[in-house]
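Numbering (this note's numbering), first residue to last: -19 to 30.
Quick reminder that beta carbons are idealized off the backbone N, C-alpha and C, glycines included.
Step one of this worksheet: look at the structure below.
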């Protein structure tokens, strides 16, 4: 979906809760590889289950 909450579809979490592109309530990685990098920035190995 749209990154900009102003352009997000009605009823989506981003449309309902995001304030701006910078103060975004939802993030989706663009690939599995980037997801792994991004997850590692916020969580340690023992905080990840699954």
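Stretch-stretch touch, CB-based, cutoff 8 Å, three pairs: the region 13 to 24 with the region -14 to 4: no
From residue -18 to residue 11, what distance separates their C-alpha atoms? 16 Å
How many Å lie between residue -9 and residue 25 at the Cα? 34 Å
Where does residue 18 sit, in a helix, a strand or coil, going by DSSP? helix
Express the C-alpha separation of residue 29 and residue 9 in angstroms, rounding to a whole number. 18 Å
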